[in-house]
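J.: Would you mind keeping the following structure in view while I ask a few things?
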Amino acid sequence: MKLETPRLILRPATMKDAERLAGQINNLNVSRNLLVVPYPYTLKDAKWFINHCIDKRKKKPIDDYEFAIELSDEKKVIGGAGISNVNKFQGIGELGYWLAEPYWRKGYGTEACSSLLDLAFHKLNLRKIKITVFAENAASNALARKLGGKLEGTLRKHARAKSTGKIHDENIYGLLREEWEKVRKKLR
Ligand SMILES: CC(C)(COP(=O)(O)OP(=O)(O)OC[C@H]1O[C@@H](n2cnc3c(N)ncnc32)[C@H](O)[C@@H]1OP(=O)(O)O)[C@@H](O)C(=O)NCCC(=O)NCCS
3 MKLETPRLIL
13 RPATMKDAER
23 LAGQINNLNV
33 SRNLLVVPYP
43 YTLKDAKWFI
53 NHCIDKRKKK
63 PIDDYEFAIE
73 LSDEKKVIGG
83 AGISNVNKFQ
93 GIGELGYWLA
103 EPYWRKGYGT
113 EACSSLLDLA
123 FHKLNLRKIK
133 ITVFAENAAS
143 NALARKLGGK
153 LEGTLRKHAR
163 AKSTGKIHDE
173 NIYGLLREEW
183 EKVRKKLR
């Protein structure tokens, strides 16, 4: 599956992306915010993850839609994002995202996540998306709120980042389909 936005293409990662992705995630400014990403992050880790995504896509029903984010002009991968833990009976899934540091604060996070929310609500017909963010991650909390996420609670000392071993409070945002419909109109 491929998703297109004005500046981005979201498409499955392939082995050709492994080296670039490894270089981009091997940055504590990125991985300290992510739950299960090791530091240092090696080419082997990237290849393992890409193979894991390939295997997940073979599963029926698919419960994980992971994408590499590519700049359409330059055909350069700049990050990754996806909808995971999709449960069509429950109507729920989880949004996750990261960008390489040089590409922060240019609106790419909003753009990539908007296309994923359209996928979640319009194509997968989910009712609700969850976004889980470490409490001190200012950028991701801001993005979750910009997308219309409502803070539903904070799980205290609930998560340990693999990269740093640090314990975090986790903010849980919920976004309902009807809330997204209102927000997406404003973002256009
Ligand atoms: C989180 C992340 C994807 C945000 O992507 P981005 O492309 O920089 O976000 P955008 O440019 O679309 O900005 C979205 C909103 O967040 C705000 N924002 C972005 N970075 C911010 C920061 N460091 N502090 C405060 N607000 C910030 C923007 O101002 C914008 O809000 P506004 O339009 O109301 O001003 C990016 O910072 C990142 O990859 N971080 C490391 C990995 C990570 O934390 N992943 C999420 C784990 S839950």
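If you use our numbering, the sequence shown corresponds to residues 3 to 190, in order. From the three backbone atoms N, C-alpha and C, an ideal C-beta is built for every residue, glycine too. As the structure is a prediction and not an experimental result, all values here were calculated from the model.
1. Any heavy atom of ligand 1 closer than 6 Å to the Cβ of T112?
2. Should E72 go down as buried or exposed, given a rule of 16 or more other Cβ atoms within 10 Å for buried?
3. For T16, report the span of its alpha helix (DSSP H) as first-last.
4. Would the C-beta of A15 count as close to ligand 1, meaning under 6 Å from any of its heavy atoms?
5. What number of angstroms, rounded off, separates the C-alpha of K125 from the C-alpha of L97?
6. Using a threshold of 7 Å, state whether the C-beta atoms of E76 and T7 are closer than that.
7. Using alpha carbons as the reference points, say which of R179, A20, L145, A140 lies closest to R34.
8. For a quick check, are the C-beta atoms of K132 and G84 less than 7 Å apart?
9. Under three-state DSSP, which class holds S86?
10. For V38, count neighbouring Cβ atoms within 10 angstroms of its own Cβ and tell me buried if that reaches 16, exposed if not.
11. Would you mind listing the alpha helix (DSSP H) stretches within the segment 113 to 158 that are 4+ residues and don't spill past its ends, in chain order?
12. Are the segment 150 to 160 and the segment 176 to 190 in contact at 8 Å, needing three or more beta carbon pairs?
13. Within its chain, find whatever has a CB closer than 7 Å to the CB of R13; leave out the 5 residues flanking it on each side and keep chain order.
14. Would you mind working out which of F91, Y105, P42, A137 sits nearest K130, comparing C-alpha positions?
15. Starting from I56, trace the alpha helix (DSSP H) in both directions and tell me its first and last residue.
16. How far does the beta strand (DSSP E) with W106 in it reach, from first residue to last?
17. Span of the beta strand (DSSP E) holding L177?
18. Buried or exposed for N173, going by 16 or more other Cβ atoms inside 10 Å?
19. Using a Cβ-Cβ cut-off of 6 Å (strictly less than) and excluding sequence neighbours within five positions of H160, which residues of its own chain qualify?
20. Short check: CB of L101 to CB of G111, under 7 Å?
T.: Based on what the coordinates show:
1. yes
2. buried
3. Taken as a continuous stretch (DSSP letters only), T16 belongs to no alpha helix (DSSP H), as it is neither H nor E.
4. no
5. 15 Å
6. no
7. A140
8. no
9. strand
10. exposed
11. 140 to 148
12. yes
13. K4, F69, A70, E72
14. F91
15. 45 to 60
16. Per DSSP, W106 belongs to no beta strand (DSSP E) and is neither H nor E.
17. 169 to 178
18. buried
19. E172
20. yes
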